[in-house]
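Chemist: My numbering puts the first residue of the sequence shown at 789, with every later residue one more than the last. A virtual CB, placed ideally from N, CA and C, is assigned to each residue, including glycine.
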Amino acid sequence: MPSADSLLAAPSASRPLVRLRDVHLAFGANPVLKGIDLDVLRGQAVSIIGPSGSGKSTILRCMTGLLKPQQGEIEVDGTRVDQLASERAEIELRKRVGFVFQQYNLFPHLSVLDNLIVAPVRILGRDKAAAKRTAHDLLEKVRLTHKANAYPGELSGGQQQRVAIARALAMEPDLILFDEVTSALDPETVGEVLTVIRDLVRDGMTCVLVTHEMRFAEEISDVVYFTEAGVVVEHGPAAQVFRAPVNPRTRAFLAHGTSAEVSREAPVRVPLKLDLSRFAI
């Protein structure tokens, strides 16, 4: 069994921060990914678009080790994710990779402030006072300074999702993955969340987004991948994919006004292995 250290590749300025090669994954007899190749450079915003059920969310879960492919290579910041063999190694990876889900996953018994500091204190060993200062800064970034002492049940869906983004940022990740983070929100609150993501991209945060918000993806993305039936049909710079797509299937998809579509992909229920709900702050 390889050790965690043996899974680390030598750092290279030219190596993508995220690298997937020939990734295959099936649930039983149902193939979901059928040879995915994907690169994300440090500082890039990459969007993955496509019809519901095309494997977009599964790709993100493979990047964090939440799902294990049957074939292929997945490398994140020099770590071979597909070869992680222990919970400790997976947790070490997730310290560096933030994940914001469709569901907010906030701890309902903790205040907004405590939701932000529990992982830095318990997982990273941060000083509690320092973690609180960082949390207040992050709440300012997501425009929720006035909600520090509120509880998740007292917040709107858009506010809860912004807290979830701040919580991911509190771990100081190298990469943040966004999985349809606006799909459960009403139209009035979608813009609040997209504004926060737009600010992160402008600040240089490396982001991978699965989204049906086509105009937003075109605006903020450096590179776009269009997937269907578990394969990458087309990828390239956002302007090329959205304004001059090469593949007829990409053209047909974009012509149907999918920015209004709500994803109906069934969420994959997998353990996060960072259950902090038992902790008191």
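#1: Would A954 and L912 qualify as a contact pair, given that the criterion is a beta-carbon distance under 8 Å?
#2: Go through its chain and collect everything with a Cβ distance to R807's Cβ below 6 Å, but skip five positions before and after it.
#3: Skipping 5 residues on each side, what residues in its chain have a beta carbon closer than 7 Å to that of P839?
#4: Hey, would you say A833 sits closer than 8 Å to D1010, going by beta carbons?
#5: Any heavy atom of the ligand HEM inside 7 Å of the beta-carbon of I905?
#6: Along the chain, which unbroken stretches of the alpha helix (DSSP H) at least 4 residues long are found entirely within the region 863-888?
#7: So what does DSSP say about H924, is it helix, strand or coil?
#8: For V1034, count neighbouring Cβ atoms within 10 angstroms of its own Cβ and tell me buried if that reaches 16, exposed if not.
#9: Drop a sphere of 10 angstroms on the beta-carbon of H1000, count the other beta-carbons inside from all chains shown, and report buried for 16 or more, exposed for fewer.
#10: Name the two residues that bound the continuous beta strand (DSSP E) containing N1077.
#11: Does E976 come out as helix, strand or coil in the three-state DSSP assignment?
#12: Tell me where the beta strand (DSSP E) around S845 begins and ends.
#13: Which residue from P857, A817 and L805 puts its Cα closest to that of I824?
#14: Classify D902 as buried or exposed, calling it buried when 16 or more other Cβ atoms lie within 10 Å of its own Cβ.
#15: Going by alpha carbons, who is nearest to V989 out of E976, V978, P975 and F1004?
Modeler: Concretely, from the data shown:
#1: Not in contact: A954 and L912 (Cβ atoms no closer than 8 Å).
#2: Contacts found: D827 and E863.
#3: Only E1016 and F1041 meet the Cβ criterion.
#4: Yes, the Cβ-Cβ distance between A833 and D1010 is below 8 Å.
#5: Ligands in the displayed structure: none, and consequently the ligand HEM is not present.
#6: Whole alpha helix (DSSP H) segments, 4+ residues: 875-882.
#7: If DSSP states are grouped into helix, strand and coil, H924 belongs with the helices.
#8: Looking at its Cβ environment, which holds fewer than 16 other Cβ atoms inside 10 Å, V1034 is exposed.
#9: H1000 is buried by the Cβ-count criterion.
#10: For the chain, the structure presents residues 789 to 1069; residue 1077 sits outside this window and is missing.
#11: Residue state, collapsed to three classes: helix.
#12: Counting along the chain, no beta strand (DSSP E) covers S845; the unbroken alpha helix (DSSP H) around it starts and ends at K844 to M851.
#13: The candidate whose alpha carbon is nearest that of I824 is P857.
#14: Counting Cβ neighbours within 10 Å, D902 comes out buried, since at least 16 surround it.
#15: Measuring from the Cα of V989, the nearest candidate turns out to be F1004.
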